Amino acid sequence: MRLIILSRNGELYSTRSLYNAARRRNHFVRVIDHMNCDLMIQNEHNSIFVHGQPLRGYDAVIPRIGHTVTAYGSAVIRQFESMAVPTILGSEALLRTRDKLSCMQLLSHKGIPVPQTLLINNYGQFPHLHEKIEGFPKILKLLSGTHGLGVLKADDIKSMEGILEAFHGLKQKVLIQEFIEESSGEDIRLFVVDGEIVAAMKRSAREGEFRSNLHRGGSSEVVAISEEEKSVALNAVKILRLHVAGVDMLRSNNGPLVLEVNASPGLEGIEKTSKIDIAKKIIQFAERLAK
Ligand SMILES: Nc1ncnc2c1ncn2[C@@H]1O[C@H](COP(=O)(O)OP(=O)(O)OP(=O)(O)O)[C@@H](O)[C@H]1O
Ligand SMILES: [Mg+2]
């Protein structure tokens, strides 16, 4: 087969891992920076140019699109879709999951348990609304944050007001969320490929920190997951029309709560922790798609 990996940097762990897995399975594979793709839109004959040369004769696309280039990345994927080249990540699904709010709205509407969350658009209503989420601490999240940046804990109303005021002044939207204390600085990531949980890990925050992100100094280990956690993760992925995804959950006293579904989940943490060749499973999925 002839495969394309869309990635801005061929040296990144995930890109290399996918590249090597594809080569081991005897595929021709090319890493292309989506930002180097120029798009020709023409009645029923859409095409893509890279350095002035048309891309032709590829069997499947494996997109790895970072947060900073979601819009153009999804335009490139859409172009492949219009050229009938199978992609393991759809353009619509990518756009939907990158919008945290719409993602949570959709999941919650479809019965996936998520933490109780409040978005106050009318700042003046704050004194009347914030108590809808009971007690302190509360979690505050910038809608645009990732890697744990922009996730804060407010211990009392004074500090919450201060944080909200600052964000409001910067014209940043903030989510107010119930603090799941019993998760005690841990979350779990379930890695899904084509309707199957292929690996899972638990991430634990370092001492004195509630965010378990590996980027924030958290550590990871293999974890056994329950049938309920599996089924919640698989349903969430299905609702968002993803095939390859990382589903992050908190373990609450009332069962799993989905925090986030990642459409371009990194492979380094999960492959090194689980010792499972996840890249190979993704390539095998691309093979099935291409058939
Ligand atoms: N409501 C909550 N209660 C307790 N801990 C939380 C809560 N929300 C987040 N956390 C902790 O903070 C970490 C970061 O939060 P979250 O995953 O929502 O943001 P992010 O990692 O910055 O963004 P994203 O995962 O969407 O890229 C989580 O992994 C979890 O450990
Ligand atoms: Mg996260």
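Just remember that the working numbering sits 1180 ahead of the position in the sequence shown, which is counted from 1. Positions of the beta carbon are idealized from the N, C-alpha and C atoms, including for glycine. Every value quoted in this text rests on a predicted model; they were computed, and no experiment measured them.
Proximity to residue i [Cα-Cα], best of the options
i     : options                    : result
R1421 : L1286, V1209, R1386, E1191 : L1286
L1235 : M1263, G1270, E1362, S1364 : M1263
M1220 : R1210, V1209, Q1233, D1213 : Q1233
L1186 : N1223, S1288, A1201, V1256 : V1256
L1439 : I1456, S1339, T1297        : T1297
I1242 : A1251, H1289, R1188        : R1188
G1446 : S1384, V1372, A1470        : V1372
H1310 : I1292, E1224, L1344, R1396 : L1344
G1397 : S1406, G1365, D1374, A1379 : G1365
H1423 : L1274, Q1352, E1261        : L1274
Q1352 : N1301, E1362, R1386, F1359 : N1301
M1215 : R1386, I1245, Q1357, I1292 : I1245
F1465 : I1450, K1452, N1434, A1425 : A1425
A1240 : M1340, N1393, P1266, S1194 : P1266
G1388 : I1450, S1227, I1228, K1333 : K1333
Local Cβ density within 10 Å of residue i, reported as buried at 16 or more and exposed below that
i     : result
Y1474 : Because the chain spans 1181 through 1471 in this model, residue 1474 falls outside it and cannot be assessed.
V1427 : buried
V1190 : The residue you asked about is not Val; residue 1190 is Gly in the sequence shown. G1190 should be labelled exposed.
S1271 : buried
Q1222 : exposed
G1312 : Reading the sequence as shown, one finds Lys at residue 1312 and not Gly. So K1312 counts as exposed.
K1471 : exposed
G1342 : exposed
Residues that DSSP places opposite residue i in a beta bridge
i     : result
A1379 : F1371
G1435 : S1432
T1267 : V1241
V1230 : C1217, Q1233
F1208 : R1182
I1319 : K1333, Q1357
E1366 : S1384
T1297 : Q1357
G1426 : F1371, N1442
V1402 : M1381
Cβ neighbours of residue i in the same chain (closer than 8 Å, five flanking residues each side left out)
i     : result
T1326 : H1247
K1410 : L1370, I1377
Rounded Cβ spacing between residue i and residue j (contact assumed at less than 8 Å)
i     : j     : result
L1198 : A1459 : 5 Å
R1258 : V1331 : Going by Cβ atoms, the distance from R1258 to V1331 rounds to 31 Å, so no, they are not a contact pair.
A1201 : I1456 : That belief does not hold up - the Cβ atoms of A1201 and I1456 are roughly 12 Å apart, past 8 Å.
S1399 : S1384 : 6 Å
Same chain, Cβ closer than 7 Å to residue i, five either side skipped, listed in chain order
i     : result
L1281 : L1299, L1323
K1418 : none
S1454 : A1379, M1381, V1402
Own chain, CB closer than 6 Å to residue i, minus 5 neighbours either side, in chain order
i     : result
P1436 : E1409, V1412, M1429
R1210 : I1184
L1355 : T1297, L1299, K1321
F1347 : V1354
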